[in-house]
Amino acid sequence: MPIEIKRQLTQANLPPDPEHEIAGIVTIPDKLANSAPKDGVLFLVARPEGVTSGPPVAAKRHSLVSFPFEFNLGARDVMRPGVKFEGKMTITARLDHDGVADSSAGDIFGSIVASPGEINQEISLDQVVTAQPAAATNVTGTIALDPQFEGKTPDSGILFIFARPQGVRRGPPLAVKRVRDVKFPYTFEIGQEDTMMEGSLFDGNLTLTARLDGDGVAGAGPGDLEASVNATAGTKGIQMTLSAPTIQ
518 MPIEIKRQLT QANLPPDPEH EIAGIVTIPD KLANSAPKDG VLFLVARPEG VTSGPPVAAK
578 RHSLVSFPFE FNLGARDVMR PGVKFEGKMT ITARLDHDGV ADSSAGDIFG SIVASPGEIN
638 QEISLDQVVT AQPAAATNVT GTIALDPQFE GKTPDSGILF IFARPQGVRR GPPLAVKRVR
698 DVKFPYTFEI GQEDTMMEGS LFDGNLTLTA RLDGDGVAGA GPGDLEASVN ATAGTKGIQM
758 TLSAPTIQ
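Going by our numbering, the letters in the sequence shown line up with residues 518 to 765, in that order.
Below, the structure written as structure tokens:
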């Protein structure tokens with residue numbers, strides 16, 4: 518049995534634990550009730566407070582919902598092995614009209630900040646997602662090579678470009694690009710279309726890392742060259758210079 522299926526079954530069999538769950542109801546105000554999709558899918562997502570993008574800590578998907586809708590999120594709903602459901606989190610509920618985890622224009626959503634053990638919460642779906650071109654949040658720029666390394670990089674080198682929410686150093690990146698046969702200076706663009714996980718949004722404060730890799734493996738290795746910069750989604754014209762090896 519695949520490891521991911523085993524993980525899901527194990528989590529599903531965990532007993533209810535109200536002291537370590539966030540629970541309550543999801544409601545829709547009268548002004549939006551008539552415009553809500555009748556067969557919409559309700560997504561519930563938990564992220565650490567202040568983190569607006571990247572893989573969520575926990576998530577749930579509900580079909581055929583009626584309001585007010587009772588919800589709970591806890592350890593049974595975490596997305597990745599080893600991640601703990603703890604601390605203050607932003608819980609976002611979104612009623613999606615097409616059943617796709619990515620938000621789109623016309624979806625209705627609302628958010629609260631809560632901690633595990635708080636079980637009488639109310640999330641009001643009082644906001645509407647407006648259309649925004651994906652390119653508006655893309656980050657663009659140029660990656661150059663430190664002159665001291667010119668002529669010393671492997672011909673088979675692969676350029677990886679990663680984006681993570683600022684302050685997040687571990688786990689899967691929010692978005693990634695892999696470029697073969699790269700020539701410097703290299704003009705890049707990374708954004709929503711490069712996200713790793715369904716439902717992730719390319720927005721907020723990000724850390725971009727560029728790595729010229731000699732063996733084609735995304736993890737850092739001896740002789741790799743690297744550069745990092747903090748940026749906000751939508752920033753254009755970033756300059757990065759690949760320099761000292763990340764591992765000596």
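Every residue, glycine too, gets a C-beta built ideally from N, C-alpha and C.
In the structure shown, what three-state DSSP assignment does F701 receive?
coil
Could you name the residues that DSSP lists as bridge partners for T657?
E706
State the Cα-Cα distance for the pair G815 and E706, rounded to the nearest angstrom.
Outside the shown range of the chain, which is 518 to 765, sits residue 815, and nothing can be said about it.
Three-way DSSP call (helix, strand, coil) for R728 in this model
strand
Q525 to I755, Cα distance in whole Å?
Confidence is the limiting factor: at Q525 the pLDDT is only 48, short of 50, which leaves the residue's position unreliable, though a coordinate-based value still follows. So the two alpha carbons sit approximately 40 angstroms from each other.
DSSP beta-bridge partners of F602
Paired residue(s): none; F602 is not in a bridge.
Who are T579's beta bridge partners in DSSP?
First, the residue type needs correcting, since residue 579 is His and not Thr in the sequence shown. Answer is L559, bridged to H579.
To which residues of the same chain is V582 closer than 7 angstroms at the C-beta, ignoring the five residues directly before and after it?
L559
For V630, count neighbouring C-beta atoms within 10 Å of its own C-beta (all shown protein chains included) and say buried if the count is 16 or more, exposed if not.
exposed
Which same chain residues, not among the five before or five after V656, have their C-beta less than 6 angstroms away from its C-beta?
Residues of the same chain with a CB within less than 6 angstroms of the CB of V656, apart from the 5 flanking positions on each side, are I707, A748 and T752 in chain order.
F719 - DSSP class collapsed to helix/strand/coil:
If DSSP states are grouped into helix, strand and coil, F719 belongs with coil.
Candidates I640, T704, S580 and K601: which alpha carbon is nearest K694's?
Here the closest residue by C-alpha is T704.
Going by the CB atoms, is the gap between L723 and S570 shorter than 9 angstroms?
yes
By the 10 Å Cβ neighbour count, where 16 or more other Cβ atoms means buried, how is T726 classified, buried or exposed?
buried
Smallest Cα separation from P535: which of G674, V645, M757 and S632?
S632
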